[in-house]
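Peer 1:
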Amino acid sequence: MEQFLQQLASGLANGAIYACVALALVMIYVSTDHLNFAQGEMAMFSTYISWQLMAWGLSFWVAFILAVLISFVLGVLIERIILRPLHNAPVLSVVVVFIGLLAICNSMAGAIWSYLIKEFPSPFPKSAFGIAGVIGPHQLGVVLVTLIVLTLLFLFFRFTPLGLAMRAAAQNPQMARLVGVRVDWMLALGWGLAAAVGAVAGIMVAHIVYLDPNMMAGILLYAFASALVGGIGNPGGAVVGGFIVGVLENMVAYAGNMIEKTTGVYIIGNGEKLTVALVIVIFVLTVKPAGLFGRVVVKRV
Amino acid sequence: MLSLLEVKGLKAYYGQTQALYDVGFDIAEGGITTLLGANGAGKTTTLRAICNMVRRDGSIRFGGKDLAAMPTEEIVRLRIAHVPEGRGTFTTMTVEENLRIAAYTNRDKGVVAAERDRVFGYFPRLKERIQQQAGTLSGGEQQMLAIARALMLKPRLMLLDEPSFGLAPLIVVEIFRILRRINEEEKVSILLVEQNAALALDLATHAYVLETGRVVMSGPSEVVKNDENVRKSYLGY
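Below, the structure written as structure tokens:
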């Protein structure tokens, strides 16, 4: 039972990370119709920035907030400088640029901070919480921080004028212009927010997977899976998808471990976690192609 | 009287296709002008050209200001409100949010609330449906919402693209009645593109007739209404 709860807790913590990155992906997809393949590497770069700030003596949370703010600015700059000229370019050109961005982020991180794996501190004290030693303090902290960030984002988009303008710009850019919204800047802000959310995910997960330039590659795959499961155009769905993928992959591994313990036969286990995630994606898309919460777009001919 | 909107030699292109060849007209402040013409004559293109939604050439001056190099959202901030073909309501947002977004350029919350109440004065039906999702409104209500949203921009000039399209005749009459009130009470000048020539000529004081991207006739609506060619081609008698 205890191991089950541990796996569940770990699944929720992983799911929180996937949810953040998936949300960043969906935010950019909804406003630009492009999948940002560089999202993971950008998050990794942000995590290195926070590491560097701590190496210079700043405390964890100060470094966290600063790194998130810097990531926001970098996201805005990337959209304005690199992506603005590509507004009307063919999809393939944009994909190539994203892959280039991915490579640049990865190489720069390696060049500046080397490829040696580094330890990353956890801000959640070992003693504080930890329900009967089942769920670790860091995991609980990750879920809490993620939920706070997601709630803040939700409130921002729902209740503030700027959030409303960004939603309008994403839904119908032409019409948004006709009510005076500066759509180009809304896109840049969307990128900034996505970069900031990615930074949160990276900084939170670094303690679990250790800091190195390739740490987000696998997580990006999980995030894509989560976004697809939730319905690629649905931010709420991406969050739910993240938790589903996180918990399911651990539950399947747990079930596999149990089977191995009782029968001695290794069918499935920790090595197949990513496989499980991708199988989930295939299953969901076969049964519900638009994702669990996606809307099927019917076009009038 | 100084012209509110002065258009000369307007050309417009969709990609390589030229849609407007030489369109020119003057709109005086306070009046209602209508652009008539058959399908494909270039009426919608003209409205889009004014707001820089299509590639265009020629001179467009609004209140003396040259609109040539301005992006759409800056033109709108000069207080030109464009109600496009198909209404353009934000379908996943509520009526309240649709109105609020139009007040985005206005920071003062108190003013925005007062504006909203004035707008509800013209469209009480919208007030009843304030939290309803815009996509679930009837066609007539969506058209009212689109016009209400344009009003929230406190425009000097309102561009309307076929407001009668797809609506029941009774609703159309109601909407046109409200448009007249808006013109008189809010002092909003109106440029109306309509296929329903009879209704448009009743509402407007001046009319221009477009054919394949050129103005072929213009004048006060009384004169245009009684022109033989117009009667045969657009009024059906």
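Chains A and B supply the protein sequences, listed in that same order.
The opening position of the first sequence corresponds to residue 1 in my numbering, with each subsequent residue numbered one higher.
The opening position of the second sequence corresponds to residue 1001 in my numbering, with each subsequent residue numbered one higher.
C-beta: ideal position from N, C-alpha, C; glycine also.
Around the Cβ of D212 (chain A), are there at least 16 other Cβ atoms within 10 angstroms (buried) or fewer (exposed)?
Peer 2: Buried, by the Cβ-count rule.
Peer 1: Suppose the cutoff is 7 Å on Cβ atoms and the five residues either side in sequence are ignored; what does the same chain contact list for W191 (chain A) look like?
Peer 2: If we look at W191 (chain A) and ignore the five residues flanking it on each side, its Cβ neighbours are I28, G75, V76, I78 and E79.
Peer 1: Taking only beta carbons into account, state which residues of the stretch 171-201 of chain A come closer than 9 Å to chain B, listed in chain order.
Peer 2: Those residues of the stretch 171-201 of chain A that come within reach of chain B (Cβ to Cβ, closer than 9 Å) are Q171, N172, Q174, M175, A176, R177, L178, V179, G180, V181, R182, V183 and D184.
Peer 1: Are the beta-carbon atoms of V1112 (chain B) and A1103 (chain B) separated by less than 7 Å?
Peer 2: Contact: yes.
Peer 1: Rounding to the nearest angstrom, what Cα-Cα distance links S1059 (chain B) and L1191 (chain B) in this structure?
Peer 2: Approximately 17 Å, taken between the alpha carbons.
Peer 1: Does V301 (chain A) come within less than 7 Å of chain B when only Cβ atoms are used?
Peer 2: In this prediction, V301 (chain A) scores a pLDDT of 43, lower than 50, which makes its location untrustworthy; the coordinate-derived value is nonetheless stated afterwards. No, its Cβ sits nowhere closer than 7 Å to a Cβ of chain B.
Peer 1: Give me the chain A residues within the contact set of L1153 (chain B), using Cβ-Cβ distance strictly less than 8 Å, ordered along the chain.
Peer 2: Within 8 Å Cβ-Cβ: V179 and G180.
Peer 1: Closer than 9 Å by beta-carbon distance: list the chain B residues that pair up with L164 (chain A), in chain order.
Peer 2: Near L164 (chain A) (Cβ distances below 9 Å), the residues of chain B are M1093, E1097, R1100, I1101 and Y1104.
Peer 1: Can you name the residues of chain B whose CB is closer than 7 Å to the CB of A168 (chain A)?
Peer 2: Within chain B, the residues near A168 (chain A) are F1090 and I1101.
Peer 1: So with Cβ pairs under 7 Å, would you call P161 (chain A) a contact of chain B?
Peer 2: At least one chain B Cβ lies under 7 Å of P161 (chain A).
Peer 1: Can you tell me where the beta strand (DSSP E) with R1177 (chain B) in it begins and where it stops?
Peer 2: No beta strand (DSSP E) holds R1177 (chain B); the alpha helix (DSSP H) holding it covers P1169 to E1185.
Peer 1: Between T1089 (chain B) and L1179 (chain B), is the Cβ-Cβ spacing less than 7 Å?
Peer 2: Taking 7 Å as the Cβ cut-off, T1089 (chain B) and L1179 (chain B) do not qualify as a contacting pair.
Peer 1: Going residue by residue through the stretch 87-134 of chain A, where are the continuous beta strand (DSSP E) segments of at least 3 residues, counting only ones entirely within it?
Peer 2: List check, beta strand (DSSP E) in window: nothing returned.
Peer 1: Rounded to whole angstroms, what is the Cα-Cα separation between L153 (chain A) and V30 (chain A)?
Peer 2: L153 (chain A) and V30 (chain A): Cα-Cα distance of roughly 15 Å.
Peer 1: What is the DSSP secondary structure of M1124 (chain B), reduced to helix, strand or coil?
Peer 2: According to the sequence provided, residue 1124 (chain B) is Pro. The question's Met does not apply to it. Helix.
Peer 1: Measuring straight from C-alpha to C-alpha, what distance separates E1228 (chain B) and E1184 (chain B)?
Peer 2: For E1228 (chain B) and E1184 (chain B), the distance between alpha carbons rounds to 30 Å.
Peer 1: Assuming G11 (chain A) and N250 (chain A) are in contact, meaning their beta carbons sit under 8 Å apart, how far apart are those beta carbons, in whole angstroms?
Peer 2: Right, their Cβ atoms sit about 4 Å apart.
Peer 1: Note down the Cα distance separating R300 (chain A) from G1166 (chain B), rounded to an integer number of angstroms.
Peer 2: Low per-residue confidence applies at R300 (chain A): pLDDT is 46, beneath 50, and the placement is therefore not dependable enough to give any value.
Peer 1: Helix, strand or coil, according to DSSP, for A1019 (chain B) in the structure here?
Peer 2: Strand at A1019 (chain B).
Peer 1: Any C-beta of chain A sitting closer than 7 Å to the C-beta of V1111 (chain B)?
Peer 2: Judged by the 7 Å Cβ criterion, V1111 (chain B) is not in contact with chain A.
Peer 1: Pop quiz: A38 (chain A) and A227 (chain A) are said to be a contact at Cβ under 8 Å. What is the actual Cβ separation, rounded to whole angstroms?
Peer 2: In fact, because the Cβ distance is near 15 Å, the residues do not count as touching under 8 Å.
Peer 1: Hey, is R1125 (chain B)'s beta-carbon within less than 7 Å of any beta-carbon in chain A?
Peer 2: By this cut-off, R1125 (chain B) is not an interface position.
Peer 1: Report all residues from its chain with a CB closer than 7 Å to the CB of V68 (chain A); omit the five preceding and five following residues, and keep chain order.
Peer 2: Contacts found: A196, A199 and V200.
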